[in-house]
Amino acid sequence: MSKRRFALVGNPNSGKTTLFNALTGSNQFIGNWPGVTVEKKSGHLIGHPEVEILDLPGLYSLAANSLEEIIASKELTENPPDAIINIVDGTNLERNLYMTTQLFDLGIPLILVINMADELRQEGISIDADKLSKRIGYPVVAISALKGENIDKLIGHLLSPEITQNHPAKTDYGADIEAVIAQAFGIIKPSFPESQLRYWSFRSLEPGFKQNLDQVQQLELQRLQEDYESSHEGDDLESSIAGLRYDKIDQLVNGTIHGSRKGELSFSDRVDQIVTNRWLALPIFVLVMVIVYGISITTLGTYLTDWTNEVLFGEIVPGFVSSLLERMSVAEWLQSLILDGIVAGVGAVLGFVPQMLVLFFMLAFLEASGYMARIAFIMDRAFRKWGLSGKSFIPLLVGSGCSVPGIMASRTIEEESDRRMTVILTSFIPCGAKLPVIALFAGAIAGDALWVAPAAYFLGIAAVILSGLILRKTPRFKGDPSPFVMELPPYRLPGLKTILRSTWERGWSFIKKAGTIILLSSIVIWALLRFGVENGSLATVEVLGNSFMARLGSLISWMFRPLGWDSWQAAVATITGLVAKENVVNTFGILFGYAEVSETGTEIWANVAQHFGVLGGFSFLIFNLLCIPCFAAIGAIKREMNNAGWTWFALIYQSVFAYAVSFVFYQIGNWALTQQFSFMTILAILVVLGTIYFLVRPEKQKEVRTPQRNGVRA
Amino acid sequence: MKSLDQVSTGSTVEIVKIHGEGSLRRRILALGVIPGSSLQVVKVAPLGDPIEVKLNQSNLVIRRSEARFIEVAGGDHE
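As they're listed, the protein sequences go chains A and B.
Letter by letter, the first sequence follows residues 2 to 715 of the numbering used here.
Letter by letter, the second sequence follows residues 37 to 114 of the numbering used here.
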């Protein structure tokens with residue numbers, strides 16, 4: 002058979018992913034749409050490598066309302082598939098068919114797949130697929146993607162020669178609108194391909210539509226809209242067209258649906274009477290979060306992580322590799338490279354994976370069951386002020402265990418700017434690996450005071466809030482806040498296969514995309530620590546003070562003088578902390594002459610206190626808590642941003658923010674303690690005042706949006 | 037003019053007009069909130085915002101700031 006390409010299109014929660022998995026099995030390729038955080042999936046039909054299926058993001062329409070819709074519209078018009086597989090949720094047929102009417106305009110062959118046939122049957126409803134098919138002119142199949150019902154019938158259609166033949170659907174919206182469309186058609190005719198003119202005629206009537214059009218055409222289209230509105234008592238063209246699409250859908254489905262829905266309240270409504278109840282919603286939410294955190298971070302997750310890090314990559318693999326290397330009598334430095342550089346580096350990548358898989362499994366369940374959307378509903382108000390989504394709660398919570406899965410968990414957030422903001426802010430929350438560092442400084446300079454650890458968490462939360470407020474005002478995040486209109490999907494028991502697949506996909510994409518950066522940086526740090534100039538010649542060094550790392554430390558230590566700590570040791574500890582934050586403690590141990598120190602570094606408390614002093618010590622702690630996270634988390638940031646510019650922006654922002662906070666803390670603290678007022682004090686005060694001004698200054702563009710025309714622009 | 041954010045919980049109202057332009061209106065329309073159809077305000081989130089409305093087979097969540105753009109009629113307490 003010849004090659005053919007299908008695009009799978011459907012609303013969110015229509016069962017699209019389940020169907021995609023059922024059609025392609027394990028023949029999937031997962032990547033990203035270029036430059037954006039949206040996932041791109043494609044695959045081959047099982048047993049038919051010549052049949053390609055592209056899974057487009059879940060959408061409610063083809064207009065340019067969201068990044069996903071822009072991507073889908075671009076793909077369908079610039080790279081039209083041989084046919085569209087349009088999956089619709091049979092339990093909410095009319096709403097799902099809205100986008101179908103837009104797909105009709107594209108003039109691409111189509112097969113309509115009505116999903117959830119099993120649920121409909123339970124409700125006593127049947128849909129007459131043949132009758133509907135005759136009306137729309139395209140094949141219609143009723144399936145259950147979850148139960149695998151009628152999938153073979155669908156595949157039969159996909160392999161038939163008729164599937165790629167176009168039967169223009171009869172969508173006449175009445176003389177009134179068709180006259181307007183005909184005029185728009187005439188205006189845009191030179192600017193778009195012949196076959197897509199009907200689709201672009203509708204699109205060009207979106208207020209402010211500019212694509213491919215010159216100013217004359219835009220003005221003519223604007224006049225067309227105004228004429229319509231003045232002759233229809235102010236009814237706007239967009240609402241009229243949407244209304245006519247729904248009228249058309251009513252005509253199409255009228256008489257094809259048999260049986261009626263039982264009772265007023267659906268199963269989901271009854272569940273929501275408890276789960277999103279005004280008084281019970283928050284306690285239930287807390288309980289769910291305790292379970293997610295408890296399993297993925299503290300109990301099962303920790304057990305798996307400890308085992309991978311300490312047993313598998315701490316004993317078993319290194320033991321095996323070193324005995325192998327010794328038997329092969331490999332040079333000592335090469336052994337060290339392989340063991341301390343590569344094996345440790347690979348271990349650092351893979352060590353996170355088991356915990357991540359546990360977490361992703363639970364997140365996939367929350368998403369597929371419908372509860373994740375409820376989280377956005379419950380928490381939206383608390384988070385949107387800082388430019389975050391209600392769903393940002395989970396990344397931040399998980400981030401308190403480990404930033405890496407926390408950052409990866411941001412995938413569940415729909416809105417791209419919310420998602421990027423969450424990725425930048427998650428690592429401000431102190432992760433588990435930062436706790437030994439906190440304990441070291443609490444013990445060394447604060448007499449082991451109990452308030453230090455809570456203060457560190459408070460600092461993290463304050464950093465999230467402050468940064469959210471600051472970043473929202475930067476050009477990168479500015480612009481209209483995205484409209485928050487969301488569907489609460491019905492509660493459904495998700496299929497185990499779908500959840501397992503999603504869990505594995507996310508874990509694997511971390512290994513693939515973040516692995517390289519973690520491995521490379523581990524090797525570089527290893528080399529810097531290992532080599533140096535000793536006795537005038539290049540050698541593997543015995544004393545850390547002679548290593549290239551120490552040189553690098555002294556080379557950059559001046560930068561930290563305004564923060565109150567400028568020793569090369571402190572700089573080196575900060576750099577090694579990038580491999581894993583708990584390394585800060587070990588590094589100080591080595592630098593102060595101990596071969597090994599306890600987890601919280603009790604042995605070196607006196608040295609640290611003497612080395613830093615109280616103010617400098619806290620400043621160092623603050624900087625290390627807030628600055629760029631470990632390489633694994635940087636890898637996760639890179640993976641989620643999928644864009645070099647955004648990754649650098651995140652890392653530079655985190656560094657500058659950490660520097661500014663430590664600077665202000667140290668300089669103002671110094672002034673308060675010593676009464677010495679210097680140029681640096683003035684600078685610190687200016688930073689504070691500047692930030693306050695930046696946050697409270699009046700804004701011109703984003704005035705109060707009044708419910709009038711021109712209130713909201715795309 | 038009465039807008040959706042002023043409707044009390046439990047009331048069913050008819051949609052008169054979607055104000056504003058751009059992606060918000062298009063998104064609302066695509067979800068089936070179109071002039072002439074009716075919807076019920078089901079619930080308010082625990083923190084007072086957003087609100088949940090029921091429309092045909094869909095349950096939708098919308099912020100008060102965006103519900104202000106939806107002009108409605110009827111539906112006051114009996």
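Backbone N, C-alpha and C fix where the C-beta goes; we use that ideal spot for every residue, glycine too.
- Under the three-state reduction of DSSP, Glu-234 of chain A is assigned to coil, being neither helix nor strand.
- In chain order, Pro-563, Gln-668 place their CB closer than 7 Å to the CB of Met-681 of chain A, counting only its own chain and leaving out the 5 sequence neighbours on each side.
- Listed along chain A, the residues sitting closer than 9 Å to Glu-88 of chain B by beta-carbon distance are Asp-273, Thr-277, Phe-378, Leu-489.
- Contact annotation, Phe-429 of chain A with Ala-464 of chain A: C-beta distance approximately 4 Å; criterion of less than 8 Å satisfied.
- Spatial neighbours of Arg-640 of chain A in its own chain (CB-CB distance under 7 Å, excluding positions within 5 residues in sequence) are listed in chain order as Ser-510, Phe-511, Lys-514, Ala-515.
- Residue-level contact check: Lys-38 of chain B does not touch chain A, since none of the beta carbons of chain A fall below 8 Å from its beta carbon.
- Contact between the stretch 332-343 of chain A and the stretch 233-250 of chain A is absent: fewer than 3 CB-CB pairs across the two stretches fall below 8 Å.
- With respect to Met-357 of chain A, Met-409 of chain A sits close: the two C-beta atoms are nearer than 8 Å.
- A Cβ-Cβ distance of about 14 Å is found for the pair Ser-620 of chain A and Phe-658 of chain A, leaving them out of contact under the 8 Å criterion.
- Counted as a single uninterrupted DSSP element, the beta strand (DSSP E) harbouring Glu-88 of chain B occupies residues 87-91.
- Against Gly-110 of chain B, chain A offers no close residue; the least beta-carbon distance is about 18 Å (beta-carbon pairs closer than 9 Å).
- Scanning its chain for C-beta atoms nearer than 8 Å, with the 5 sequence neighbours on each side dropped, one finds around Gly-469 of chain A the residues Lys-386, Trp-387, Gly-388, Leu-389, Met-422, Leu-426, in chain order.
- Neighbours of Gly-260 of chain A in chain B, taken as residues whose beta carbon is under 9 Å from its own, are absent, since the nearest beta carbon is some 14 Å off.
- For the stretch 57-88 of chain A, the set of residues with a beta-carbon nearer than 8 Å to any beta-carbon of chain B comprises Tyr-61, Ser-62, Ala-64, Ala-65, Asn-66, Ser-67, in chain order.
- The bridge partners DSSP lists for Arg-6 of chain A are A:Glu-53.
- In the DSSP secondary-structure assignment, His-45 of chain A is bridged to A:Glu-53.
- Burial check for Gly-618 of chain A: the Cβ neighbour count within 10 Å reaches 16 or more, so the residue is buried.
- Around the beta carbon of Ile-70 of chain B, 16 or more other beta carbons sit within 10 angstroms, so the residue counts as buried.
- CA-to-CA, the gap between Phe-695 of chain A and Tyr-304 of chain A works out to about 45 Å.
- In the three-state scheme derived from DSSP, where H, G and I count as helix and E and B as strand, Val-142 of chain A is classed as strand.
- In terms of beta-carbon proximity, Ser-44 of chain B stays away from the interface with chain A, with every pair separated by 8 Å or more.
- Annotation: the continuous beta strand (DSSP E) that includes Thr-541 of chain A extends over 538-541.
- Within the stretch 485-567 of chain A, the runs of beta strand (DSSP E) at least 3 residues long that lie entirely inside it are, in chain order, 486-488, 532-535, 538-541.
- Taking a cut-off of 8 Å for Cβ pairs, the stretch 61-69 of chain A and the stretch 87-102 of chain A touch, as three or more such pairs fall below it.
- Interface residue (Cβ-Cβ distance to chain A less than 8 Å): Val-80 of chain B is classified as such.
- Beta-bridge annotation (DSSP): Asp-90 of chain A is paired with A:Asn-116.
- Per DSSP, Ile-70 of chain B lies in no beta strand (DSSP E) segment and is marked neither H nor E.
- Between Val-97 of chain B and Val-49 of chain B, the CB-CB gap reaches or exceeds 8 Å.
- A contact between stretches requires three or more CB pairs, one per stretch, nearer than 8 Å, and the stretch 569-578 of chain A meets this requirement with the stretch 588-596 of chain A.
- Looking at B:Leu-65, B:Gly-46, B:Leu-67, B:Ala-66, the one whose alpha-carbon comes closest to that of Gln-76 of chain B is B:Gly-46.
- CA-CA distance, Gly-91 of chain A to Gly-111 of chain B, rounds to 30 Å.
- In the three-state DSSP reduction, Phe-353 of chain A falls in the coil class, being neither helix nor strand.
- Shown in chain order are the members of the stretch 59-78 of chain B whose Cβ falls below 7 Å from a Cβ of chain A: Ser-59, Leu-60, Arg-61, Arg-62, Arg-63, Ile-64, Leu-65, Ala-66, Leu-67, Gly-68, Ile-70, Pro-71, Gly-72.
- A straight line joining the alpha-carbon of Glu-600 of chain A with that of Arg-552 of chain A spans about 27 Å.
- Cβ neighbours of Lys-4 of chain A within its own chain (closer than 7 Å, five residues either side excluded): Glu-51.
- Under a 10 Å Cβ-count criterion, Gly-48 of chain A is classified as exposed, with fewer than 16 other Cβ atoms of the shown protein chains found around its own Cβ.
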